[in-house]
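Mapping to the working numbering: the sequence shown position 138 is 1226, numbers consecutive. Virtual Cβ for every residue (Gly too), placed ideally from N, Cα, C. The structure displayed is predicted, hence computed values, not measured ones. Accompanying notes for the structure given below.
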Amino acid sequence: MFTKLLPKKFLIENYLLLFVLLGTALVAFSIGPYQNGDTQWEYQATMGVLKWGIPYTEVWGSLMNQPPLGFYLNAFAFKVVGSSIPSATVLMTLFSIASTFLLYKLGKTLYSKSTGLVAAALFALTPWELSLSRTFLIDAQCLFFSLLSLYIGIHAIRRSSLVLSLLSGGFFACALLTKNFAVFILIPLALFYFLDRQKDKKKVLQLTAAFGFFALFLTFLWYQVILGRGLMQIFRNGDFHDVNYAGVIVTPTFLPRFLWDYGLGAFLVMAVVLSVLLPFGFKKHFGNLPQVDVIFIATILPVLVIDLAMGVVFNLKVPYTSAVKYDYQALPFFCLIAASLVPKCASLLKSKTKELRISDKVVFSVFLASLFLIGLTFVWDVYTANQMASSNYIVYQVTADQTNVGYSFFRYTSPSQYSFLLDLQYAGFVALLAGLLLATWRRLVGFSQILFNSVFGPMQNWIDAKKLDFDRRR
């Protein structure tokens, strides 16, 4: 039955990806669903679509302060599975799984197939992603459309295709009309476009116009024509006006704390740092930092800097406490940079001669450190996911004290009622990690052989030399 739905050739070529996606789905569905004040607010906006045709939240005219597309998609889900937050959260999980697939495709396109699989697994298992994939919030939808726009846009740039540019722009419009944070995906798109160095100015204008058409037209249609409130309605968001309570002191450490302790975890952060620093330590081999890494770093930094500025400089409450949402567009690029350790270290190993030198020892140490960090990331993710599945309350703190200042999630049903879901979670981890091991086992075996020969080869040569010397004396 399954082979009728998916061609045999597709199954043979993509069975490792299917392992990862199956594991992603099992782990995600073993957690939550979670709720909070924002989910209630978005639930009201979705009910407003069903009642009035526009995402009003309480009464006629009380417009939700977010773009509309996500609430129309949610309303469709309500029609299919019923108007309850837990059942409709399934839609967010499906968007998250689709984003995992897109991250694999991006990693495969820009690095290698194994890098894509590792990046997808890192992304799917981060506590950051697991929380938002199992919560009735529009963030997962926005990220999916953003990544889809980026993936199609890269191919549009490489092929100078007007059709693909129009399609990429259409999905960017979907992302922008879901949440304004989608604007950050323009950074990697613009950089890929710039590095392509298209010389035909007429073609450049055509591609740019094709990409921007849907975003400009649909934004004008919604805010100016349908709502009649003008394009400035985009900026009338309480997040840009609500300041922190008196006495709250926002320091720049709130964002690193979130990334280090909660969102990414210390091991993934260190893997990202190592991946960025590695080319600088082996300049003779890499030359400069790979262009793809530069693009992704240039995407991450503006997201983080703007969040820091809104919290520290402007003392805004929501960007400070809700870093988990404000920096979500940067998460895929953290995972791609960390996963690129795989091809970087593999290329270093291939460049080495059979003779052991000091530089070889450094290479082996770096490769072992890379495996160690990525392995510990998965261990930490497993532990955190297990805690999430058995907890009624999660908070992503942004302060060092125990005041619970941050973004929180609640589950209103007892975890004990869902103890069987832990078995589902373990099955998901096994499936996901099996896919990764099957994808990388040849490289791991090859590295083990090189390491064994490097460590024990000189010893064996010394023994052979001593034996030969002994035989001669006899």
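What do you get for L1223, buried or exposed, if any count of 16 or more other CB atoms within 10 angstroms of its CB means buried? Counting from 1 along the sequence shown, the entry for residue 1223 is found at position 135. According to the sequence shown, residue 1223 is Thr rather than Leu. By the neighbour-count rule (16 or more Cβ atoms within 10 Å), T1223 is buried.
Any C-beta of chain D under 9 Å from that of S1479: The structure shown has no chain D; it contains just one protein chain.
So, are the CB atoms of L1220 and A1207 less than 9 Å apart? Translated into the one-based positions of the sequence shown, residue 1220 becomes position 132. Translated into the one-based positions of the sequence shown, residue 1207 becomes position 119. No, the Cβ-Cβ distance between L1220 and A1207 is not below 9 Å.
Quick check: the segment 1407-1419 against the segment 1314-1324, are at least 3 beta-carbon pairs closer than 8 Å? no
Counterpart residues of V1483 in DSSP-defined beta bridges: Looking up residue 1483 in the sequence shown gives position 395. Per DSSP, S1496.
Helix, strand or coil at V1338 according to DSSP, with G and I counted as helix: Reading the sequence shown from its first residue, position 250 is the one you call residue 1338. V1338: coil per DSSP, three-state reduction.
When you compare the segment 1420-1439 with the segment 1374-1392, are there three or more beta-carbon pairs, one atom per stretch, that lie closer than 8 Å? yes
Are three or more beta carbon pairs between the segment 1464-1478 and the segment 1104-1119 nearer than 8 Å? yes
Could you please give me the residues that DSSP links to L1151 through a beta bridge? As a working note, residue 1151 is residue 63 in the sequence shown. According to DSSP, L1151 bridges with Y1144.
According to DSSP, is Y1333 helix, strand or coil? Within the sequence shown, residue 1333 is the residue found at index 245, counting from 1. Correct three-state label for Y1333: coil.
Could you give the distance in angstroms between the alpha-carbon of F1452 and the alpha-carbon of L1437? Translated into the one-based positions of the sequence shown, residue 1452 becomes position 364. Translated into the one-based positions of the sequence shown, residue 1437 becomes position 349. Using only the alpha carbons, I get a separation of about 8 Å.
Counted within 10 angstroms of its Cβ, other Cβ atoms place P1340 as buried (16 or more) or exposed: As a first step, residue 1340 is located in the sequence shown; it is residue number 252 there, counting from the start. Counting Cβ neighbours within 10 Å, P1340 comes out exposed, since fewer than 16 surround it.
Pairing CB atoms from the segment 1158-1176 with CB atoms from the segment 1129-1142, are three or more of them under 8 Å? yes
Residue ranges of each alpha helix (DSSP H) within the segment 1364-1450, 4 or longer: 1371-1374, 1379-1396, 1405-1409, 1411-1414, 1419-1427 and 1429-1438
Environment of S1234 [buried if 16+ CB atoms lie within 10 Å]: Sequence index remark: in the sequence shown, residue 1234 carries index 146 (1-based). The residue in question, S1234, is buried, as its Cβ has 16 or more Cβ neighbours within 10 Å.
Just how far apart, CA to CA, sit L1277 and W1348? What you label residue 1277 is simply residue 189 of the sequence shown in a count that begins at 1. What you label residue 1348 is simply residue 260 of the sequence shown in a count that begins at 1. Rounded to whole angstroms, L1277 to W1348 spans 28 Å at the Cα level.
Between the beta-carbon of L1520 and the beta-carbon of A1477, is there less than 9 Å? Mapped onto the sequence shown, residue 1520 falls at position 432. Mapped onto the sequence shown, residue 1477 falls at position 389. No, the Cβ-Cβ distance between L1520 and A1477 is not below 9 Å.
Using a Cβ-Cβ cutoff of less than 8 Å, which residues in the same chain neighbour T1487 once the five nearest sequence positions on both sides are dropped? Working through the sequence shown from its first residue, we reach residue 1487 at position 399. Excluding residues within five positions, the ones whose Cβ falls inside 8 Å are F1342, R1345, V1493 and G1494.
Taking the CB atoms as reference points, tell me whether V1336 and A1209 lie closer together than 9 Å. Sequence index remark: in the sequence shown, residue 1336 carries index 248 (1-based). Sequence index remark: in the sequence shown, residue 1209 carries index 121 (1-based). Taking 9 Å as the Cβ cut-off, V1336 and A1209 do not qualify as a contacting pair.
Look at the Cβ atom of A1228, then the Cβ atom of M1180, and state whether they are nearer than 9 Å. Position 140 of the sequence shown, counting from 1, holds the residue named residue 1228. Position 92 of the sequence shown, counting from 1, holds the residue named residue 1180. Taking 9 Å as the Cβ cut-off, A1228 and M1180 qualify as a contacting pair.
Give me the DSSP bridge partner(s) of Q1123. Looking up residue 1123 in the sequence shown gives position 35. In the DSSP output, where bridge partners are listed per residue, Q1123 has F1498.
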